[in-house]
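Student: Have a look at this one before I ask anything.
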Amino acid sequence: MIELEGIEKTYVAGSVETRVLKDVSVRIETGEFVAIMGASGTGKSTLMNVLGCLDKPTAGHYRLEGTDMVNLDDDALSHLRNHKIGFVFQLFHLLDRATALRNVMLPLIYADQYPEDAKERGEKALATVGLSDRMTYRPNQLSGGQQQRVAIARALITNPAILLADEPTGNLDSTSGAEVMAIFQRLHRDGRTIILVTHDRAVAEHANRVIVLKDGMVAEDQPVAQPRDAEAEARALAEKEAGQ
Amino acid sequence: MRILRIAQEGARALSAHKLRTFFMMAGTIIGIAALTVIMAVGKGTEKKVMKRVNAFGTHAIMITAGGGKGFSPPQEGITTLRLEDAEAIGTQIGGVDVVAPFAVKRGMSIKAGVNQVQTTVMAVAPEWHDAWEWYAADGEPITAEDTAAMSRVCLLGTLTAKDLFGDQNPIGEYIQIGDVRFKVKGILQERGVSPMGDEFDRRLVIPLTTGLRRLFNQDHITNIRVKVKDSGGIESIATEVRQLLHERHHITPPREDDFAIFSAADIAKMARGISGTLTYLLGALAGLSLLVGGIVLMNILLISVGERIKEIGLRRAVGATRRDVFSQFLTESLAVTISGMVLGSVLGWAVSIILARVTQFPVVISWEPFALALGFAMIVGVFFGVQPARRAARLKPVEALR
């Protein structure tokens with residue numbers, strides 16, 4: 000369970016203070032698939048950084064499975080990121096010179112205890128995203144959609160409490176984007192907690208709940224009555240491509 | 000272990016960028032190679048020095064007729080050193096064990112049957128054996144009876160014996176020096192190489208009186224060898240001998256000496272020769288290339304931190320602590336210098352071996368330079384790696400990922 004309570008974030012540049020987040024309070028239950036929406040400059044990236052324990056809020060409390068990260072030091076936050084949070088970035092952020100499997104296994108290097116079955120876990124994570132046949136490929140040998148799926152496998156390998164995806168389809172064509180969203184929906188059905196940050200309502204509506212930020216505050220927080228079916232979309236797009 | 004996994008990450012980053020890694024290594028390679036050569040030449044030289052000093056004798060000084068700095072026998076026509084000088088040294092200076100006057104002539108032609116050689120003939124007093132601790136390995140030494148009777152007898156160096164008689168036993172045989180016949184009465188012990196690099200074993204020894212009267216037709220000698228009782232007092236005895244000879248030869252300072260005195264210390268100085276200079280030059284090269292190499296290493300690492308900001312951000316996001324990032328970059332630096340050290344040592348050994356082959360420079364290959372090089376490599380790796388590693392560790396994950 001995730002609890003944000005009165006989160007504020009203020010950046011100071013010289014004598015100019017910018018309040019990016021003003022009193023954000025949100026509660027996300029385990030197993031939810033939530034989209035955080037907002038135009039650029041509404042503070043959604045900042046909120047994403049707070050949720051990912053990459054940055055601390057100026058005020059307020061953030062409890063992740065009962066632990067308030069506001070009181071933790073840098074080492075403890077690193078530790079928390081390692082075993083509680085799985086990141087998926089817009090630009091994938093894969094290591095160019097490493098194979099898909101090595102990229103997926105990267106977070107395990109920083110685990111307290113390196114698992115003996117690290118390789119098997121990596122292989123399993125890649126199988127989850129449908130890339131069992133691409134394990135020894137390097138990022139430049141993979142398509143954008145495949146690279147993002149490697150990144151999802153990497154986020155899954157430590158079996159984190161939440162999956163945080165920041166514009167995961169932002170750099171993909173619509174077919175690959177739909178395929179990536181289909182993976183998130185499948186993971187959600189398997190019980191994962193997923194938080195998706197996007198500026199695109201069409202993408203957001205794949206989630207079951209949409210939170211809209213405006214001027215650093217929650218402007219809207221509603222369930223999605225009928226989430227879009229990414230798998231069906233992907234199939235339709237693929238057929239259309241094949242038909243052309 | 001976590002640190003090993005992180006070190007492995009560093010090693011992977013290095014092997015992924017081979018050219019960059021090579022440039023980072025270059026300074027260490029050259030520096031360590033120079034260091035290895037210095038040590039090899041240094042040890043080789045000391046070995047050569049010890050060998051020469053031992054061949055000369057640690058308990059002896061040598062007086063040579065004629066001034067100058069050379070150790071070689073004096074030129075023809077220098078008649079300044081006389082038998083009376085040797086007697087005076089024996090009677091007037093304390094701490095002296097044996098005084099052995101002798102006369103040397105180079106390039107005399109010796110015949111035995113059909114074999115003929117040109118070699119150095121030494122006409123020696125019987126004390127010569129004790130003064131050099133150099134005796135007959137086979138047959139008889141030069142005795143007081145030989146000098147008293149001006150006997151035409153001789154001892155051969157092992158190589159002279161081989162040159163003249165091959166594998167045949169020369170004792171009892173006759174040889175001819177100029178037109179005088181000598182009977183071979185013994186073979187000298189093997190002695191190796193003289194301080195000036197002459198073959199000690201390619202010599203021929205005859206009684207002093209026989210040499211002076213019958214062969215060289217002179218009454219001066221060329222050398223006096225003085226063996227002292229205690230090697231510690233050797234320099235003070237050399238000074239006393241110099242004063243005594245000044246008096247006897249009526250020499251006062253502005254005038255140059257008409258003799259020269261050598262001790263083991265002088266021999267060592269000569270044997271070291273230019274290797275001291277070479278050591279300083281290579282030392283400067285080693286120091287400079289390690290310093291410049293370290294600075295290059297640090298700069299490339301700093302550039303690499305800049306290029307890899309996103310990688311650092313990602314590692315931080317997936318759980319790397321500041322210390323993990325610091326460790327990885329320091330490991331990369333250390334891996335570069337330690338690999339550079341291994342390559343540098345191999346290069347240094349190769350150069351030393353080639354140097355030994357081509358220039359006859361004495362070289363000894365040993366493990367000590369390797370240990371020293373490892374120390375230097377670690378110091379350079381840590382010293383120049385800390386700053387880039389610290390910079391990488393200080394990056395904020397949010398900013399690095401932007």
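If you're matching them up, the sequences are chains A and B in order. Position 57 (the first sequence) corresponds to 56 in numbering that gives the first Met the number 0; numbering is contiguous. Position 251 (the second sequence) corresponds to 250 in numbering that gives the first Met the number 0; numbering is contiguous. Each residue gets a CB set at the ideal place from its N, CA and C atoms; glycine is no exception. On a predicted model such as this, the values are computed, not experimentally measured, just so you know.
Is it the case that the Cβ atoms of proline 167 of chain A and glutamine 147 of chain A are separated by a distance below 9 Å?
Tutor: yes
Student: Give me the residue from A:Arg62, A:Leu71, A:Gln184 and A:Asp165 with the minimum Cα distance to serine 39 of chain A.
Tutor: A:Asp165
Student: What residues in the segment 121 to 140 of chain A have a beta carbon less than 9 Å from any beta carbon of chain C?
Tutor: No chain C is part of this structure, whose protein chains are labelled A and B.
Student: The segment 23 to 41 of chain B: which residues have C-beta closer than 9 Å to a C-beta of chain A, in chain order?
Tutor: none
Student: Taking beta-carbon pairs under 8 Å, can you tell me which members of the segment 66 to 77 of chain A lie near chain B?
Tutor: Asp73, Asp74 and Ser77
Student: Residues of the segment 379 to 393 of chain B with a CB closer than 9 Å to any CB of chain A: list them in chain order, please.
Tutor: none
Student: Output, in chain order, the set of chain A residues within a Cβ distance shorter than 9 Å of glutamate 8 of chain B.
Tutor: Leu105 and Ile108
Student: Assign histidine 457 of chain B to one of three DSSP states: helix, strand, or coil.
Tutor: A question about residue 457 of chain B goes unanswered here, because the residues of chain B that appear run from 0 up to 401.
Student: What residues of chain A sit near proline 396 of chain B, judged by a beta carbon separation below 7 Å?
Tutor: Leu53
Student: What is the C-beta distance between glycine 42 of chain A and proline 159 of chain A, in whole angstroms, given that I count them as a contact (C-beta under 8 Å)?
Tutor: About 24 Å; that fails the 8 Å criterion.
Student: Starting from asparagine 48 of chain A, find everything on chain B with Cβ-Cβ shorter than 7 Å and list it in chain order.
Tutor: Val397
Student: Please state whether DSSP places glutamine 115 of chain B in a helix, a strand or coil.
Tutor: strand
Student: Residues of the segment 316 to 328 of chain B with a CB closer than 7 Å to any CB of chain A: list them in chain order, please.
Tutor: Ala316, Val317, Gly318, Ala319, Thr320, Arg321 and Asp323
Student: Between which two residues does the beta strand (DSSP E) holding phenylalanine 32 of chain A run?
Tutor: 32 to 36
Student: Beta-carbon within less than 7 Å of isoleucine 182 of chain A's beta-carbon, same chain only, minus the 5 sequence neighbours each way: which residues are those?
Tutor: Within the same chain, Cβ atoms closer than 7 Å to the Cβ of isoleucine 182 of chain A are found at Val128, Arg148 and Ile151, the five residues on either side in sequence being excluded.
Student: Please check if any C-beta of chain B sits within less than 9 Å of the C-beta of leucine 186 of chain A.
Tutor: no
Student: Between leucine 71 of chain A and the rest of its own chain, which residues show a CB-CB distance below 7 Å, the 5 nearest in sequence each way excluded?
Tutor: Leu79
Student: Bridge partners of histidine 219 of chain B, per DSSP?
Tutor: B:Arg81, per the DSSP bridge assignment.
Student: Do three or more CB pairs link the segment 135 to 153 of chain B to the segment 80 to 93 of chain B at distances below 8 Å?
Tutor: No: fewer than three Cβ pairs fall under 8 Å.
Student: What does the Cβ neighbour count give for asparagine 102 of chain A, buried or exposed, with the cut at 16 atoms within 10 Å?
Tutor: Within 10 angstroms of the beta-carbon of asparagine 102 of chain A lie 16 or more other beta-carbons, which makes it buried.
Student: Could you tell me which whole alpha helix (DSSP H) segments of length 4 or greater appear in the segment 45 to 98 of chain A?
Tutor: 73 to 83
Student: Counting contacts by CB-CB distance shorter than 9 Å, is histidine 205 of chain A in contact with chain B?
Tutor: no
Student: Please name the residue, chosen from A:Ala177, A:Leu162 and A:Ala235, that lies closest to glycine 144 of chain A on a Cα-to-Cα basis.
Tutor: A:Ala177
Student: Starting from alanine 135 of chain B, follow its DSSP beta bridges and name the residues at the other end.
Tutor: B:Leu187
Student: With the cut-off set at 9 Å, would you say serine 77 of chain A and arginine 401 of chain B are in Cβ contact?
Tutor: no
Student: Quickly, what does DSSP pair glutamine 221 of chain A with across the bridge? List them, please.
Tutor: A:Val209
Student: List the residues of chain A whose Cβ lies closer than 7 Å to the Cβ of alanine 334 of chain B, in chain order.
Tutor: Residues of chain A passing the Cβ test: none, with the nearest at roughly 16 Å.
Student: Put aspartate 96 of chain B into one of helix, strand or coil per three-state DSSP.
Tutor: It is a strand residue.
Student: Give the C-beta separation of threonine 78 of chain B and histidine 219 of chain B to the nearest angstrom, bearing in mind that I take them to be a contact with Cβ-Cβ under 8 Å.
Tutor: With a Cβ gap of about 4 Å, threonine 78 of chain B and histidine 219 of chain B count as contacting.
Student: By DSSP, does tyrosine 279 of chain B sit in helix, in strand, or in coil?
Tutor: helix
Student: Determine the extent of the alpha helix (DSSP H) in which valine 128 of chain A is found, giving its start and end residues.
Tutor: Membership of valine 128 of chain A in any alpha helix (DSSP H) is not indicated, and neither H nor E is assigned to it by DSSP.
Student: I'd like to know whether the C-beta of glycine 312 of chain B is nearer than 9 Å to at least one C-beta of chain A.
Tutor: Chain A, which has a Cβ nearer than 9 Å to the Cβ of glycine 312 of chain B, makes this yes.
Student: Report the residue from A:Gly51, A:Met134, A:Val23 and A:Met47 whose alpha carbon sits nearest the alpha carbon of histidine 198 of chain A.
Tutor: Closest by C-alpha distance to histidine 198 of chain A, out of A:Gly51, A:Met134, A:Val23 and A:Met47, is A:Met47.
Student: Just list the residues that DSSP pairs threonine 17 of chain A with in beta bridges.
Tutor: The bridge partners DSSP lists for threonine 17 of chain A are A:Tyr10.
Student: Applying a beta-carbon distance threshold of less than 9 Å, which residues of chain B neighbour histidine 92 of chain A?
Tutor: Chain B residues near histidine 92 of chain A: Lys309, Glu310, Gly312, Leu313, Ala316 and Leu400.
Student: Between glycine 229 of chain A and threonine 330 of chain B, what straight-line distance do the alpha-carbon atoms span, to the nearest angstrom?
Tutor: A small correction: the amino acid at residue 229 of chain A is alanine; glycine does not occupy that position in the sequence shown. So the two alpha carbons sit approximately 45 Å from each other.
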